[in-house]
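Okay, so here's the structure we're looking at.
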DNA sequence: ATCCGGGCGA
DNA sequence: TCGCCGGGAT
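Numbering (the working numbering), first residue to last: 4 to 346.
This is the structure in structure tokens:
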């Protein structure tokens, strides 16, 4: 804890009631109506939180509903084949999440008597569950007053409580420090933690945007250190003024942007295209690498087979595909046929 | 072409 | 600690 941290937490302690009340009131009136906020079923909450990893809310809503319709319980998901789950996951991406979710279901059913872990430490033992997801399940399913930090919560709390705009991205960049801040910021009343955490994420998604915050509509501007800082400079922190400041901050502390490889042609792109090809055929049908190739790379030739095979093997390693063990005469090279995993 | 934004394994 | 893991919207 630095002195800055202490000051921020002291300041929070001073008028935290007003801050909490303002944000909770706003959430009650303007919070988003999301399907996973109507349930406390640990299975449904877990599905939603895994889907929400690296994926925007709008893209999750529909898939959350259809996935739950297809696999309503841990038992149903555990009994499904990887192929079925991978198909049901599209088009969310980061497909290992689907495989890990199925493995979680099998663990819950086979080893844990159908019960989802309740402590964060125990939740963290589940594959694909890190500190954010563990906290979300503990809070949103089990009603615990625990903190969690996603990128929205980190940004919102840093802006409100720390407020040094020029170092916004760096001051609380380490996960441990951000989590300490989030824990210190929890409401005094344990039962308010659910709404508080949801409210922080809503505020970050709809008002306190990364690039262009709408402070003129923010329910907690009066308690926001960043707002006070910018207002004191007579720069109303919205719209162009904010963007101007962002450019200045970036110029003074240039961040090291890595040279970006074009998405098309990347490993991620290729893996996604292979899975798309495998999903496009009748379940259980193997596809040859030569058949898949042209859907992955323009002007695919046999010279690209080694590259494609390595890509396919990476999917096999991740449990997202398997080599078909066909014995038919028209499949002379067994390991050249790929399909979605049967088990 | 850029933006979005957790978990894992080397 | 860093690089990898996908898609759709804009």
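Beta carbons: idealized from backbone N, C-alpha and C, even for Gly.
Small disclaimer: the values here were computed from a predicted structure and weren't measured.
> Once you ignore the five residues that flank residue 308 on each side, which residues in its own chain have a CB closer than 8 Å to its CB?
Replying inline: In the first chain, the residue the question calls residue 308 occupies position 305. Excluding five sequence positions before and after residue 308, the CB atoms of its chain that fall closer than 8 Å to its own CB belong to 292, 293 and 296, given in chain order.
> For residue 49, which of 193, 31, 75 and 289 has the nearest alpha-carbon?
Replying inline: Here residue 49 is taken as the residue at index 46 of the first chain, counted from 1. Measuring C-alpha to C-alpha distances from residue 49 to each of 193, 31, 75 and 289 identifies 75 as the nearest.
>> Between which residues of its own chain and residue 123 is the CB-CB distance below 7 Å, once the five residues before and five after are set aside?
In response: Counted from its first residue, the first chain places residue 123 at position 120. Around residue 123: 137, 138, 141 and 149.
>> Going by DSSP, what residue range makes up the beta strand (DSSP E) through residue 340?
In response: Within the first chain, the letter at position 337 stands for residue 340. That run of the beta strand (DSSP E) goes 340 to 342.
>> Could you check whether residue 119 and residue 135 sit closer than 8 Å to each other, using their CB atoms as the reference points?
In response: Within the first chain, numbered from 1, the residue matching residue 135 stands at position 132. Within the first chain, numbered from 1, the residue matching residue 119 stands at position 116. Against a cut-off of 8 Å, the Cβ pair of residue 119 and residue 135 comes out as no contact.
> To which residues does DSSP link residue 291 through a beta bridge?
Replying inline: On the first chain, residue 291 is found 288 positions in, with the first residue counted as 1. Checking the DSSP bridge columns, you'll see residue 291 partnered with 340.
> According to the Cβ coordinates, are residue 318 and residue 278 closer than 8 Å?
Replying inline: By 1-based counting over the first chain, the position of residue 318 is 315. By 1-based counting over the first chain, the position of residue 278 is 275. Yes, the pair counts as a contact, with Cβ atoms nearer than the cut-off.
>> Please classify residue 57 as buried or exposed, where buried requires at least 16 other C-beta atoms within 10 Å of its C-beta.
In response: Locating residue 57 in the first chain gives position 54, counting from the first residue. Residue 57 should be labelled exposed.
>> Alpha carbons only, please: which of 94, 187 and 70 is nearest the one belonging to residue 83?
In response: By 1-based counting over the first chain, the position of residue 83 is 80. When each option's Cα is compared against that of residue 83, the closest is 70.
> Which same chain residues, not among the five before or five after residue 208, have their C-beta less than 7 Å away from its C-beta?
Replying inline: Along the first chain, read from residue 1 onward, the residue named residue 208 stands at position 205. Closer than 7 Å at Cβ, skipping near neighbours: 60 and 155.
>> Relative to the C-alpha of residue 327, which candidate in 339, 316 and 185 has its C-alpha closest?
In response: Sequence index remark: in the first chain, residue 327 carries index 324 (1-based). Out of 339, 316 and 185, 339 has the C-alpha closest to the C-alpha of residue 327.
> How far does the alpha helix (DSSP H) with residue 320 in it reach, from first residue to last?
Replying inline: Position 317 of the first chain, counting from 1, holds the residue named residue 320. Boundaries of the alpha helix (DSSP H) around residue 320: 308 to 320.
>> According to DSSP, residue 186 sits in a beta bridge with which residue or residues?
In response: Reading the first chain from its first residue, position 183 is the one you call residue 186. Under DSSP, residue 186 shares a beta bridge with no residue.
>> Between 77, 284, 281 and 192, which has its C-alpha nearest residue 20's C-alpha?
In response: To locate residue 20, count along the first chain from 1; it is residue 17. Of 77, 284, 281 and 192, the residue nearest in Cα terms is 192.
> Just checking my contact of residue 108 with residue 72 at CB under 8 Å: how many whole Å lie between their CB atoms?
Replying inline: If you number the first chain from 1, residue 108 lands on position 105. If you number the first chain from 1, residue 72 lands on position 69. The C-beta distance from residue 108 to residue 72 rounds to 16 Å, too long to meet the 8 Å contact threshold.
> So which of 286, 299, 323 and 201 has the shortest CA-CA distance to residue 29?
Replying inline: As a position in the first chain, residue 29 is number 26, starting the count at 1. Nearest option by C-alpha distance: 201.
> So residue 321 packs on residue 99, CB below 8 Å; how close in whole Å?
Replying inline: Start at 1 with the first residue of the first chain, and residue 321 comes out as number 318. Start at 1 with the first residue of the first chain, and residue 99 comes out as number 96. Between residue 321 and residue 99 a beta carbon distance of about 5 Å is seen, short of the 8 Å cut, so the two are scored as contacting.
>> Taking 7 Å as the limit between beta carbons, can you name the residues of its chain near residue 258, skipping five residues before and five after?
In response: Against the first chain, residue 258 aligns to sequence position 255. With a pLDDT of 44 at residue 258, under the threshold of 50, the predicted position of this residue should be treated as unreliable, and no value is reported.
>> For residue 217 and residue 66, I'd like the C-alpha separation in whole angstroms.
In response: One-based indexing of the first chain puts residue 217 at position 214. One-based indexing of the first chain puts residue 66 at position 63. Between residue 217 and residue 66, the C-alpha separation is close to 29 Å.
>> Suppose contacts are defined by Cβ-Cβ distances below 8 Å. Is residue 341 in contact with residue 324 by that definition?
In response: As a first step, residue 341 must be located in the first chain, where it is residue number 338. As a first step, residue 324 must be located in the first chain, where it is residue number 321. Between residue 341 and residue 324, the C-beta spacing is below 8 Å.
>> Starting from residue 54, trace the alpha helix (DSSP H) in both directions and tell me its first and last residue.
In response: In the first chain, counting from the first residue as 1, residue 54 sits at position 51. Residue 54 -> alpha helix (DSSP H) spans 45 to 54.
> Are the CB atoms of residue 103 and residue 131 nearer to each other than 8 Å?
Replying inline: Indexing the first chain from 1 puts residue 103 at position 100. Indexing the first chain from 1 puts residue 131 at position 128. It is a contact, given that the beta carbons lie within the stated cut-off.
>> If you measure between the beta carbons of residue 189 and residue 181, is that distance less than 8 Å?
In response: Mapped onto the first chain, residue 189 falls at position 186. Mapped onto the first chain, residue 181 falls at position 178. In this structure, residue 181 does not lie closer than 8 Å to residue 189 by Cβ.
> Fully enclosed by the segment 23 to 97, which alpha helix (DSSP H) runs are 4 residues long or longer?
Replying inline: The qualifying runs are 45 to 54, 60 to 73, 77 to 82 and 85 to 92.
> Start and end of the alpha helix (DSSP H) containing residue 100?
Replying inline: Indexing the first chain from 1 puts residue 100 at position 97. Its alpha helix (DSSP H) spans residues 99 to 114.
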